[in-house]
Amino acid sequence: MSIEWKGVMPATLTQFNADLTIDHGLMADHGKWLIENGCSAIVVHGSLGEGATLSFEEKVALQKTYVDALPETPIIPGIAALSTKEAVDLAKAAKDNGCRGLMVLPPYLYASDWREMKAHMSAVIGATDLPCIIYNNPVAYKTDFTPLQIKELADEFANVESVKESSTDARRIAGIREVCGDRLVLGVGVDDCALEGFGMGAKFWITGVGGAFPRHNVKLLELALAGKIEEAMPIYTWMLPMLRMDTVVKFVQLIKLQQVLATGGKFGNNLVRAPRLELVGEELAAATAIIETAIATAPEV
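In my numbering, each number is its position in the sequence shown, counted from 1, plus 11.
Structure, rendered in structure tokens:
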């Protein structure tokens, strides 16, 4: 079992009804729209999807929604939990639901040494035979998987196939290639480091902004992988103010606002679960101005 790790794989937002239950119909429709606009896979209930506020049952239901709506598309859930046991159970449920791969994260809250983190990652990766992405995001999860540690997992588990590199250090992709060669397919996970990552050999992009502007993300990646950096730069420069919104504390609220404005409200709303609150006042006005300017000046793709 394997996945062709390539293209734009949007990390989807979780959309809520007025009572903050999940709007499964809206999410299924949005997923279909993303694939119609050139995306290659869907990543569900990760950081951007407010995974930490979703129950186990809600995550399982989301997996089913996407698999049922997009049976030919790889659905890749983010596997994270407070406990290793729950993460293992979630990985097994994902396989049972027909998901085609797993994005494996360190545990919520608890960040420790490599011995403990390796034990957690190994338990989750070894729970199924599904292909796995190792998600390295030390900014958010306080655990930094070094290139040598990633190699250790890849050497021990054949189903470790790729890495979502989100350390914000573009040198990391070169570092992983240095020790792993072509054993792993590497992907970009920090939106405002995308072009730099593609230049160092990343082949796919797990993006937040892609939920609002999929065709632009796809075009940027295609140009970069074709070596057409000068053609890619105008798109990248245009996108950067929005890409940077994916790297701040209120990234969920900001990306939701992008999706609302870019799709005319068709594929989203600004509802979030506490402790997050909706943007208001000057913060909302400033973000809206940036996004509306981007929409008005969007390059043809």
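Idealized CB from N, CA, C, for every residue including glycine.
None of these values were measured; they are calculated from a predicted model.
Beta carbon of Cys-50, beta carbon of Val-78: below 7 Å? Here residue 50 corresponds to residue number 39 of the sequence shown, with the count starting at 1. Here residue 78 corresponds to residue number 67 of the sequence shown, with the count starting at 1. Against a cut-off of 7 Å, the Cβ pair of Val-78 and Cys-50 comes out as no contact.
Can Ala-181 and Cys-204 be called in contact, C-beta distance under 7 Å? In the sequence shown, the residue the question calls residue 181 occupies position 170. In the sequence shown, the residue the question calls residue 204 occupies position 193. Result yes, Cβ atoms of Ala-181 and Cys-204 sit closer than 7 Å.
Starting from the Cα of Leu-272, find the closest Cα among Met-253, Arg-287, Lys-261 and Arg-284 and give me that residue. Residue 272 sits at position 261 when you count from the first residue of the sequence shown. Minimum Cα distance to Leu-272 is reached at Met-253.
Counting only the same chain and skipping the five closest in sequence on each side, list residues whose C-beta sits under 7 Å from that of Gly-219. The count along the sequence shown starts at 1 and reaches residue 219 at position 208. Result list for Gly-219: Ala-22, Leu-59, Asp-202, Asp-257, Phe-262 and Ile-266, in chain order.
Can you tell me the Cα-Cα spacing of Ala-297 and Arg-226, whole angstroms? The sequence position of residue 297 within the sequence shown is 286, counting from 1. The sequence position of residue 226 within the sequence shown is 215, counting from 1. C-alpha separation (whole angstroms): 25 Å.
Under 7 Å, Cβ to Cβ, is there at least one residue of chain C near Tyr-119? Of the protein chains in this structure there is only one, and it is not chain C.
Which residues does DSSP pair with Glu-311 in a beta bridge? Residue numbering aside, residue 311 sits at position 300 when the sequence shown is read from its first letter. In the DSSP output, where bridge partners are listed per residue, Glu-311 has none listed.
Thinking just about the alpha-carbon of each residue, which of Gly-36, Ala-63, Met-38 and Gln-26 is nearest to the one in Pro-319? Residue coverage of the chain in this structure runs from 12 to 312, which leaves residue 319 outside it and unanswerable.
With distances taken from CA atoms, which of Leu-195, Leu-268, Glu-241 and Phe-209 is nearest Leu-164? Counting from one through the sequence shown, the residue named residue 164 turns up at place 153. Measuring from the Cα of Leu-164, the nearest candidate turns out to be Leu-195.
Just checking my contact of Lys-214 with Gly-198 at CB under 8 Å: how many whole Å lie between their CB atoms? Locating residue 214 in the sequence shown gives position 203, where the first residue counts as 1. Locating residue 198 in the sequence shown gives position 187, where the first residue counts as 1. Correct: roughly 7 Å between the Cβ atoms.
Per the contact definition of three or more C-beta pairs closer than 8 Å, is the stretch 149-158 in contact with the stretch 65-79? no
What's the gap between the Cα of Trp-125 and the Cα of His-131? Start at 1 with the first residue of the sequence shown, and residue 125 comes out as number 114. Start at 1 with the first residue of the sequence shown, and residue 131 comes out as number 120. Roughly 10 Å between the two C-alpha positions.
If we count Cβ pairs, one from each stretch, closer than 8 Å, do we get three or more for the stretch 88-99 versus the stretch 112-121? yes
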